[in-house]
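Under the working numbering, read the sequence shown as residues 115 to 470, first letter to last. Glycine residues also receive a C-beta, built at the ideal position from the N, C-alpha and C atoms. Data first, discussion second: the structure below is written as structure tokens.
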Amino acid sequence: MDTALHSPEQAIERARASTMLSPRFYTTDFAALDQLDVSPLRAEWDAMLAEYEGDNNHDHFQRTPQFAEEVAALTPTWSPELRAEFLDFLVSSLTSEFSGCVLYNEIFKRSHNPDIKALMRYMARDESRHAGFINQSLKDYGLGVDLGALKRTKRYTFFKPKYIFYATYLSEKIGYARYITIYRQLERHPELRFHPIFRWFERWCNDEFRHGESFALLLRAHPHLLRGGNLLWVRFFLLAVYATMYVRDHARPALKQAMGLDPTEYDLTVFRITTEISKQVFPISLDVERPAFLRGLNRLVALQARMDEAKARGGLRGKLQQAACAVQATVTFARLYLQPVQRHALPAQVRVAPAW
Ligand SMILES: [Fe+2]
Ligand SMILES: [Fe+2]
Numbered sequence: 115m116d117t118a119l120h121s122p123e124q125a126i127e128r129a130r131a132s133t134m135l136s137p138r139f140y141t142t143d144f145a146a147l148d149q150l151d152v153s154p155l156r157a158e159w160d161a162m163l164a165e166y167e168g169d170n171n172h173d174h175f176q177r178t179p180q181f182a183e184e185v186a187a188l189t190p191t192w193s194p195e196l197r198a199e200f201l202d203f204l205v206s207s208l209t210s211e212f213s214g215c216v217l218y219n220e221i222f223k224r225s226h227n228p229d230i231k232a233l234m235r236y237m238a239r240d241e242s243r244h245a246g247f248i249n250q251s252l253k254d255y256g257l258g259v260d261l262g263a264l265k266r267t268k269r270y271t272f273f274k275p276k277y278i279f280y281a282t283y284l285s286e287k288i289g290y291a292r293y294i295t296i297y298r299q300l301e302r303h304p305e306l307r308f309h310p311i312f313r314w315f316e317r318w319c320n321d322e323f324r325h326g327e328s329f330a331l332l333l334r335a336h337p338h339l340l341r342g343g344n345l346l347w348v349r350f351f352l353l354a355v356y357a358t359m360y361v362r363d364h365a366r367p368a369l370k371q372a373m374g375l376d377p378t379e380y381d382l383t384v385f386r387i388t389t390e391i392s393k394q395v396f397p398i399s400l401d402v403e404r405p406a407f408l409r410g411l412n413r414l415v416a417l418q419a420r421m422d423e424a425k426a427r428g429g430l431r432g433k434l435q436q437a438a439c440a441v442q443a444t445v446t447f448a449r450l451y452l453q454p455v456q457r458h459a460l461p462a463q464v465r466v467a468p469a470w
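Next comes the structure, spelled out in structure tokens:
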């Protein structure tokens, strides 16, 4: 099956796709966000807003003259697999970045809470730069995505505000961990940097880190979101975010290989960083070192591959096989969910530094 992208129509179709693994767009109960109160953490909150105001990345997302030269020199060296996986990576990264932009901008427009409004304006500003920067690289390959059309036509998932906080906190922090791990690897091995965009990742992921810090403060200012029955949701989102990333990364082996990274090792590094950071806000974490944890994730990868084969086969038999895989994947996910978690006390000071 040819999964490579050849036209802007295919690129926007890929960005619009609603599958278990594709990045989503979110909507929420905007009025409920007006009730948020950050005053218990006022000093930390104001210090963070001052950082956004200072805007240390205002000049970062601009292409240098060498950018195009590097693209022209490096692209012909790629294998067809790498080309397909890298362009797919750009489209899914663009979709995630733009998803944040759309959500934060919508909250900014609808909110009457001055603290939330100020934060959302800054975060939408950052995500819009990130999405625009990726889209420029897609345009080099004739695959620019019409973001206005994507915003109008992609399906939106409704999440209650607390689910938005858990999911967004994690996706910002895991985004930081992913980008910094790639950046550090290519810093050690510049000969493996097959596209110039990776040189932008260090300062870029500091934006994502700060976005995560903002949700950490919001969550810690509302401690009921971090105890009792809500911890079952925290656990669910931790596993959903980790498992989705693991399955998606293992479907793109050439991309990691080109960077000299083993997908399993890369994902474990990202899990470890994210787990360490998330202790600022979640009193539980998944035990990613358990062999049974990795076994469960590998089973999800195998089931996804069988599901894709069944889908490509089509017909009634294909449909039945897909359904059987879906049932097995649900059981595997439930088993992973029931594995023991680690518990820890929350630190008095919420904020941590991006030290990886
Ligand atoms: Fe971003
Ligand atoms: Fe972000």
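The beta carbon of F144 lies closer than 8 Å to those of E220, I221, R224, S225 in the same chain, with the five residues before and after it left out.
The C-beta of D401 has fewer than 16 other C-beta atoms within 10 Å across all chains shown, which makes the residue exposed.
DSSP places Y360 inside the alpha helix (DSSP H), whose first and last residues are 344-364. Between T282 and F139 a beta carbon distance of about 12 Å is seen, past the 8 Å cut, so the two are scored as non-contacting. In the pairwise beta carbon analysis, the segment 344-358 is classified as not touching the segment 157-176: fewer than three pairs are separated by under 8 Å. Within the chosen limit of 7 Å, ligand 1 does not reach the beta carbon of G326 with any heavy atom. Taking Y360 as the centre and dropping the five residues before and after it, the same chain places the C-beta of D381, L411 closer than 6 Å to its C-beta, in chain order. Of the residues T383, S206, A232, S136, the one whose Cα lies closest to the Cα of E165 is A232. Here the alpha carbons of L332 and L345 stand approximately 16 Å from one another.
Fewer than three Cβ pairs drawn from the segment 186-201 and the segment 231-247 lie within less than 8 Å of each other, which leaves the two stretches out of contact. Relative to ligand 2, E220 has its C-beta separated by 7 Å or more from all heavy atoms. Taking 8 Å as the cut-off, the beta carbon of L201 is found no closer than this to the beta carbon of V259.
Just measuring C-alpha positions, the residue of I288, L375, I248 sitting nearest R302 is L375. Each of Q442, A125, Q436 was checked against the Cα of G256, and the nearest Cα belongs to A125. For the 8 Å CB-CB criterion, P310 and E184 form a contact. Of the residues assessed, D173 falls on the exposed side of the cut-off, its CB having fewer than 16 other CB atoms within 10 angstroms. With fewer than 16 other beta carbons inside 10 angstroms of its own, Q149 counts as exposed.
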